[in-house]
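Worksheet for the structure shown next.
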Amino acid sequence: MENKEIKNNSMETKKFKGRVIAGGSLEGEALVSRQGVNTLATFQKSALKNAKKVISSDQNNPDLYKKEITGKILCLPKTIGSTTGGLVIQTICSMGINPSAMLFSEEIDSLACSGIILAKNWENSSIIAIDKLGDEFLNYVQTGDKIKIEEDGTITITK
556 MENKEIKNNS METKKFKGRV IAGGSLEGEA LVSRQGVNTL ATFQKSALKN AKKVISSDQN
616 NPDLYKKEIT GKILCLPKTI GSTTGGLVIQ TICSMGINPS AMLFSEEIDS LACSGIILAK
676 NWENSSIIAI DKLGDEFLNY VQTGDKIKIE EDGTITITK
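Using my numbering, you'd call the opening residue of the sequence shown number 556 and step up by one each time.
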């Protein structure tokens, strides 16, 4: 799909199309990481504390460190780190403290994919995952932008 930019008075929107991994539709606020997200380092402390929300504990990711992730639309290139990554995602989904969506500029890795699919099927999680949105997507989106996700993998960003 061709990315489209529309300017309407002071509001600017741009659309991107990706591959649906775990479908759904919603609107929410972007939280952006320009580097790979280490799922274990990001989510583990909140999961172990049985917290009511995830506050990123990954000191090596300045985009996310000490920021609330629960309910946000997490925009990232990919996940990195431990082989427990999928289990960590499934765990936070089972606790209901997960991001509402994970939007990947690159192709999703097998660990994140397995955790999201298991959470959807075993935990009845509503988490959405879309990948292959491209570098232009990650360069364009900013933390705090409003995002609309459609069932077909269309993402609309409003600034």
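Using N, Cα and C, we set each Cβ at its ideal position, and we do this for glycine too. Here the structure is a predicted model, which means the values were calculated and not measured.
Here's the rule: buried if 16 or more other CB atoms are within 10 angstroms of the residue's CB, otherwise exposed. What is residue i?
i: GLY651; result: exposed
i: SER665; result: exposed
i: GLY670; result: buried
i: MET657; result: buried
i: LEU603; result: exposed
i: PHE571; result: buried
i: ASN616; result: buried
i: MET556; result: Confidence at MET556 is low in this model, with a pLDDT of 48, below 50, so the placement of that residue should be treated as unreliable; the coordinate-derived value is given next. Counting Cβ neighbours within 10 Å, MET556 comes out exposed, since fewer than 16 surround it.
Report the CB separation of residue i from residue j in whole angstroms; it is logged as a contact under 8 Å.
i: ILE663; j: ILE576; result: 6 Å
i: THR713; j: LYS701; result: 4 Å
i: SER655; j: ILE682; result: 7 Å
i: LEU693; j: ARG589; result: 7 Å
i: ILE704; j: LEU581; result: 5 Å
i: GLU584; j: ILE628; result: 7 Å
i: ALA674; j: GLY640; result: With a Cβ gap of about 12 Å, ALA674 and GLY640 do not count as contacting.
i: GLY591; j: PRO632; result: 6 Å
Which residues does DSSP list as the beta-bridge partners of residue i?
i: THR625; result: The partner list for THR625 (beta bridge, DSSP) is empty, contrary to what the question assumes.
i: GLY583; result: ILE702
i: ARG574; result: ASP686
i: VAL643; result: VAL643 pairs with nothing; no bridge assigned.
i: CYS648; result: Answer by DSSP bridge pairing: none, since CYS648 is not bridged.
Starting from the C-beta of residue i, find all residues in its chain whose C-beta is less than 7 Å away, skip the five residues before and the five after it, and write them out in chain order.
i: TYR620; result: SER611, ASP613 and GLN614
i: SER680; result: CYS648, ASN653 and ALA674
Within its chain, find whatever has a CB closer than 6 Å to the CB of residue i; leave out the 5 residues flanking it on each side and keep chain order.
i: GLU706; result: GLY578 and SER580
i: LYS622; result: SER611
i: VAL696; result: ALA585, VAL587, CYS630 and ILE712
Legend entry - Given 8 Å, three or more beta-carbon pairs between the segment 635-654 and the segment 599-618: yes
Legend entry - Touch test, the segment 636-643 against the segment 588-606, Cβ-Cβ under 8 Å, three pairs minimum: The answer is yes - the segment 588-606 touches the segment 636-643, with three or more Cβ pairs under 8 Å.
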